[in-house]
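In order, the protein sequences belong to chains U and H.
Residue numbering for the first sequence follows this note's numbering, starting at 9 and increasing by one per position.
Residue numbering for the second sequence follows this note's numbering, starting at 25 and increasing by one per position.
Some notes on the structure that comes next.
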Amino acid sequence: MLYALVPTLLAAEAEGGLFDLDATLPLMAAQFLILALILNAVLYKPLGQAIDQRADYIRGKQLDAQERLDKVKALTADYERALADARRQSQSIVADAQAEAQKLAAQAVAEAQRQAQAEREAAQQEIDNQRQSAMAALDGQVAALSRQIATKLLGFELG
Amino acid sequence: MQNSVAMFDLFSSIPFAPLAELEVGQHFYWHIGNFKVHGQVFLASWVVLGLLIVTCILATRNIQRVPSGLQNFMEYALEFIRDLTKTQVGEKEYRAWVPLIGTLFLFIFMSNWGGALIPWKLVELPSGELAAPTNDINTTVALALITSVAYFYAGLSRKGLGYFADYAQPTPIMVPFKIIEDFTKPLSLSFRLFGNILADELVVAVLVFLVPLFVPIPLMILGLFTSAIQALIFATLAASYIGEAMEDHHGEHHD
C-alpha cells in the first residue's frame, strides 16, 4: 500500500531503502560488461562488418561504374570523330565525282563541237570542190558552145 | 515532509486504494555468501538482457547485403550509436568505443522501456516488486562507475600520466575543479538516471492509484519519452567524457 512508502522514504530501515548499495552494484557491473562482450560478438562486430562491407561494395561499384561511364564517353567521342571523318570523306568523294563528271561532260561537249566543226568544214570543202569542178565544166562547155556559135556565124571553122 | 505524510494518508483512505500498490525501497533480497543482492533488479535485468541478446542474434543470424526486417532495424540502431559515438569521441578513435557506448545506450533504453511496457505486476515477489533495473541505485552507480573507469582508461592509455598534467590546462587554477569533476561526473550520471526513472515510475504509480483508467496514459507516454531521452543522455555524456579525456589539449603544435 502507498503509505508503506513513507517510512521507507523518510527513515532507512535496518534493511532496504532507496539508497541501499550492496553487492548488487559490482555484480551488475560485471553483468553489464559481460553483456557488452556478448553484444560485441552478436551485434557490433557482425553488423558493423556488414555495414562496412556494404559501404566498400557500394564504393567499389560506384568507382567501377564511373570508370565504365568514362570509357563509354571516350568511345562515343571516338565514334563521333570517326563518323565526322567518314562524312567529310564521303563529301569529298561526292565533290570529286561531281568534278570528274563535269570535266567529262565538258570534254564530251568539246569533242562533239570539234567533230561537228570538222564535219562542217569537210562539207564546206566538198561544196567548194564541187562548185569549182562545176565551174570548170561550165567553162569547158561555154568555150565549146562559143566555138560552135562562132563557126555557125562565120561559116568556117576558126583556128 | 509532514505535508507528504498527510497527503499519502489521504490517498490511503480512498476506497479503491487496493487497486494499486506502491513499494519503494523494499527489496527482494538474495543472500550470496555474506553479501546481499537485490533479486528483483537481477530478475528484471535478465529479462532485459535476454530480450536484447535474442533480438541481436535474430537480427544478425543471416546477414544480407541488402538488409530487411530486423537486420535493417538493428543496423539503423547501430548506425545511430556509431554516429553518436563518432560525434562525441571523434572520427579517429570512435570505433573501439562503440561497444561500450552502444551497450550503455541499449541496456538503459531497454531497461527503461521494459520497466514501463512489460507488465511486471503480474509477477508476485515475496518482497519488493519488479520494475526497470535502472530504478535501482546500484545499477545506475554501476553504469556510472564503468563510465568513469572507461574515461580514465581512455585518457591514461592515450596520454599516459600526461593525462593528469592536462588537469592544469589552461591554468593550474582548474586542478581542484577537474578533480571535483571526476567525482561529480559519476554522481550526476547515476543520480540523473536513477532519479528520472524512479520518479517516472512513481508518478505513473501514484496516478494509477488515484485514477486507474485512461488518465495515466499521457503520463505513461511522457514517461516513455523521458526514458528514451535518459538513455540517450547517459550514452552521449559517457561518450563525451571519453572524448574529452582523449582530447589533445596542447593543440596544433603537437602534430
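Every residue, glycine too, gets a C-beta built ideally from N, C-alpha and C.
From the DSSP secondary-structure annotation, give me the bridge partner or partners of residue i.
{"i": "residue 53 of chain H", "result": "H:62"}
State yes or no: is the beta carbon of residue i nearer than 9 angstroms to at least one beta carbon in chain H?
{"i": "residue 61 of chain U", "result": "yes"}
{"i": "residue 56 of chain U", "result": "yes"}
{"i": "residue 71 of chain U", "result": "no"}
{"i": "residue 39 of chain U", "result": "yes"}
{"i": "residue 50 of chain U", "result": "yes"}
{"i": "residue 85 of chain U", "result": "no"}
{"i": "residue 47 of chain U", "result": "yes"}
{"i": "residue 44 of chain U", "result": "yes"}
At a Cβ threshold of 9 angstroms, is residue i touching chain U?
{"i": "residue 112 of chain H", "result": "no"}
{"i": "residue 139 of chain H", "result": "no"}
{"i": "residue 71 of chain H", "result": "no"}
{"i": "residue 160 of chain H", "result": "yes"}
{"i": "residue 27 of chain H", "result": "Interpretation of residue 27 of chain H is limited by its pLDDT of 43, a score under 50 that renders its predicted location unreliable; no figure is taken from the coordinates."}
{"i": "residue 98 of chain H", "result": "yes"}
{"i": "residue 272 of chain H", "result": "no"}
{"i": "residue 93 of chain H", "result": "no"}
{"i": "residue 76 of chain H", "result": "yes"}
{"i": "residue 206 of chain H", "result": "no"}
{"i": "residue 199 of chain H", "result": "no"}
{"i": "residue 40 of chain H", "result": "Only weak support is given to the placement of residue 40 of chain H: the predicted model assigns it a pLDDT of 43, under 50, and the question is left unresolved by the model."}
{"i": "residue 89 of chain H", "result": "yes"}
{"i": "residue 269 of chain H", "result": "no"}
{"i": "residue 239 of chain H", "result": "no"}
{"i": "residue 102 of chain H", "result": "yes"}
{"i": "residue 48 of chain H", "result": "yes"}
{"i": "residue 83 of chain H", "result": "yes"}
{"i": "residue 222 of chain H", "result": "yes"}
Going by alpha carbons, who is nearest to residue i out of the options?
{"i": "residue 49 of chain U", "options": "H:59, H:56 and H:78", "result": "H:78"}
{"i": "residue 71 of chain H", "options": "H:50, H:221, H:154 and H:82", "result": "H:154"}
{"i": "residue 63 of chain H", "options": "H:57, H:151, H:134 and H:88", "result": "H:151"}
{"i": "residue 256 of chain H", "options": "H:120, H:234, H:106 and H:193", "result": "H:106"}
{"i": "residue 35 of chain U", "options": "H:165, H:121 and H:211", "result": "H:165"}
{"i": "residue 261 of chain H", "options": "H:191, H:235, H:252 and H:125", "result": "H:125"}
{"i": "residue 167 of chain H", "options": "H:53, H:259 and H:178", "result": "H:259"}
{"i": "residue 208 of chain H", "options": "H:190, H:80, H:171 and H:135", "result": "H:171"}
{"i": "residue 82 of chain H", "options": "H:95, H:178, H:73 and H:90", "result": "H:95"}
{"i": "residue 173 of chain H", "options": "H:110, H:219, H:210 and H:51", "result": "H:210"}
{"i": "residue 229 of chain H", "options": "H:194, H:198, H:143 and H:178", "result": "H:143"}
{"i": "residue 38 of chain U", "options": "H:190, H:149, H:169 and H:224", "result": "H:169"}
{"i": "residue 163 of chain H", "options": "H:180, H:206, H:270 and H:218", "result": "H:218"}
{"i": "residue 104 of chain H", "options": "H:225, H:122 and H:117", "result": "H:122"}
{"i": "residue 215 of chain H", "options": "H:87, H:159 and H:272", "result": "H:159"}
{"i": "residue 80 of chain H", "options": "U:44, U:64 and U:71", "result": "U:44"}
{"i": "residue 137 of chain H", "options": "H:268, H:252 and H:263", "result": "H:252"}
Can we count residue i as close to the ligand PLP, meaning its CB is less than 8 angstroms from some heavy atom?
{"i": "residue 124 of chain H", "result": "This structure does not include the ligand PLP; it has no bound ligands of any sort."}
Interface residues of the stretch 22–37 of chain U facing chain H [CB-CB below 8 angstroms]: Of all residues in the stretch 22–37 of chain U, only 23, 24, 25, 26, 27, 28, 29, 30, 31, 32, 33, 34, 35, 36 and 37 place a beta-carbon less than 8 angstroms from a beta-carbon of chain H.
Interfacial residues, the stretch 246–267 of chain H to chain U, with Cβ spacing under 8 angstroms: Those would be none; no residue qualifies.
Minimum length 4: unbroken alpha helix (DSSP H) runs contained in the stretch 192–246 of chain H: Correct list: 198–234.
Contact list for the stretch 106–131 of chain H against chain U, Cβ threshold 9 angstroms: Within the stretch 106–131 of chain H, contact with chain U at the beta-carbon level (separation under 9 angstroms) is assigned to 106, 119, 122, 123, 124, 126, 127, 128, 130 and 131.
Residues within the stretch 54–67 of chain H neighbouring chain U, beta-carbon criterion of under 7 angstroms: Residues 56, 59, 60, 61, 62 and 65.
Within 7 angstroms of chain H by C-beta, residues of the stretch 88–122 of chain U in sequence order: Under the 7 angstroms Cβ criterion, the stretch 88–122 of chain U contributes no residue.
Residues in the stretch 158–188 of chain H having any Cβ partner in chain U nearer than 8 angstroms: Cβ proximity to chain U below 8 angstroms picks out 160, 161, 162, 163, 165, 166, 167, 169 and 170 from the stretch 158–188 of chain H.
Residues from the stretch 224–236 of chain H in contact with chain U, defined by Cβ distance under 7 angstroms: Per Cβ criterion, the list reads 233.
Runs of alpha helix (DSSP H) wholly within the stretch 87–115 of chain H (minimum 4 residues, chain order): Counting whole runs of 4 or more residues, the stretch 87–115 of chain H contains the alpha helix (DSSP H) stretches 93–113.
Alpha helix (DSSP H) segments (min. 4 residues) lying fully within the stretch 152–194 of chain H: Taking only runs of at least 4 residues, the alpha helix (DSSP H) segments lying wholly in the stretch 152–194 of chain H are 161–183 and 186–189.
Alpha helix (DSSP H) runs contained entirely in the stretch 119–164 of chain U, provided each spans 4 or more residues: List check, alpha helix (DSSP H) in window: nothing returned.
Length at least 3, wholly inside the stretch 14–73 of chain U: the beta strand (DSSP E) runs in chain order: DSSP runs (the beta strand (DSSP E)) wholly in the stretch 14–73 of chain U: none.
Runs of alpha helix (DSSP H) wholly within the stretch 88–112 of chain U (minimum 4 residues, chain order): Segments of the alpha helix (DSSP H) lying fully in the stretch 88–112 of chain U: there are none.
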